[in-house]
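So for the sequence shown, my numbering puts the first residue at 11; every next one is plus one. Idealized CB from N, CA, C, for every residue including glycine. Predicted, not measured: the structure shown is a model, and the values here were computed from it.
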Amino acid sequence: MAPDVQSLPARETELNSLKIQRALPHRQRRMVGAWCFLDRYGPLGFTSEKAMDVAPHPHIGLQTVSWLVQGEVVHHDSLGYEALMRAGQLNLMTSGRGIAHSEETPKTNSGTLDGVQLWVALPDSDRDVQPIFDHYASLPVLDFTAGTVTLIAGTMLGHSSPARTFTPLIGADIAFRSNEPMLLPLNPNFEHALLVLHGHVFLDKRPFVGGSLQYLGTDRDELHLAGRAGSRVLLIGGEPFKESIVMWWNFVARTRDEIAQARADWIQHQRFGEVKAYAGPRIPAPELLEVARSVRDR
Ligand code: MN
Numbered sequence: 011m012a013p014d015v016q017s018l019p020a021r022e023t024e025l026n027s028l029k030i031q032r033a034l035p036h037r038q039r040r041m042v043g044a045w046c047f048l049d050r051y052g053p054l055g056f057t058s059e060k061a062m063d064v065a066p067h068p069h070i071g072l073q074t075v076s077w078l079v080q081g082e083v084v085h086h087d088s089l090g091y092e093a094l095m096r097a098g099q100l101n102l103m104t105s106g107r108g109i110a111h112s113e114e115t116p117k118t119n120s121g122t123l124d125g126v127q128l129w130v131a132l133p134d135s136d137r138d139v140q141p142i143f144d145h146y147a148s149l150p151v152l153d154f155t156a157g158t159v160t161l162i163a164g165t166m167l168g169h170s171s172p173a174r175t176f177t178p179l180i181g182a183d184i185a186f187r188s189n190e191p192m193l194l195p196l197n198p199n200f201e202h203a204l205l206v207l208h209g210h211v212f213l214d215k216r217p218f219v220g221g222s223l224q225y226l227g228t229d230r231d232e233l234h235l236a237g238r239a240g241s242r243v244l245l246i247g248g249e250p251f252k253e254s255i256v257m258w259w260n261f262v263a264r265t266r267d268e269i270a271q272a273r274a275d276w277i278q279h280q281r282f283g284e285v286k287a288y289a290g291p292r293i294p295a296p297e298l299l300e301v302a303r304s305v306r307d308r
């Protein structure tokens, strides 16, 4: 019998007027493997306004994973990379010791925006690496009778995402074309979670919809899914992250002092460099009051 599923409601928030559903971190569940942040935005349509406009801001100790169901986002960073991302493509930024970037809707666009932004915590051994940005124009797509599985990160059924990762993990976008069962193998050493992006999805024949992260725990070696045609669900998972992290603003660190230093460096234009391609001011650092600490609960 499959272990219990924990349903964790995402909370509504805003990112520069873009409405967000934040599924991670959650009060009851700070991480799933090394995945430590999950924002869902859209679907939305727009005409003249810029749907996404996230001005330059810094990151340390993590990777940002940008993934679109629909629409376009252009990335610029302080290394000088520019990357236009469309649905099905992956923008992966490894902040290492420090980088700054902006993400915005490009001038030429489809008038739609629908996607997710995730962060992956870097392990202690790699969190001070040199920053690097990777754009993957295409990813492995596994074909099933019931639909497709696009591998954002990790390995499934002998296929591997080219995405550069630092801990064992999986990320996949599952799209249903017919309401037939889809049986996917899972690594039982991983913990996993699902977030419905569109439509109605069934796990072990039980229905669930968007708005909540479904945490599946560890010890599952199979995923029994089904979904109505057009439904989409995001799968994330990984080896439970053994290190205790602190998260504050856009930073993942181990101590409050590291956070305070990164904040000071951003204010003083140190360490992160400038995002020269972005037209406009950068995001100021907020006041440092509390930092959120993740302590593994087992
Ligand atoms: Mn960012």
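In the same chain as histidine 36, and ignoring 5 residues on each side of it, the C-beta atoms closer than 6 Å to its own belong to Leu18, in chain order. Below 8 Å, enough C-beta pairs join the segment 64-83 and the segment 132-151 to call them touching: three or more.
The set of residues with any CB-heavy atom separation to the ligand MN below 7 Å comprises, in chain order, Val64, His67, His69, Thr74, His111, Glu113 and Asn260.
Under the three-pair Cβ rule at 8 Å, the segment 83-96 counts as touching the segment 105-119.
Each of Ile162, Gly108, Val159 and Ala203 was checked against the Cα of valine 15, and the nearest Cα belongs to Ala203.
Partner residues in a beta bridge of glutamate 268, as assigned by DSSP, do not exist.
In this structure, DSSP gives isoleucine 277 a helical state, which the three-state scheme calls helix. Taking histidine 145 as reference, the option from Ala185, Asp138, Pro172 and Asn101 with the minimal CA-CA separation is Asn101. Here the segment 102-111 makes contact with the segment 276-286; the two share three or more CB pairs at distances below 8 Å. Inside the segment 59-101, DSSP marks whole beta strand (DSSP E) runs of 3 or more residues at positions 63-69, 72-87 and 92-96, from first to last along the chain.
Nearest neighbour of valine 79 by Cα position, chosen from Arg303, Trp258, Leu25 and Val159, turns out to be Val159. Taking glycine 237 as reference, the option from Ala93, Ser254, Ile255 and Leu205 with the minimal CA-CA separation is Leu205.
It is roughly 31 Å from the alpha-carbon of aspartate 267 to the alpha-carbon of leucine 223. In its chain, beyond the 5 residues on either side, Gly106 and Phe176 have a beta carbon closer than 8 Å to the beta carbon of aspartate 136. The continuous stretches of beta strand (DSSP E) do not include leucine 167, and DSSP gives it neither H nor E.
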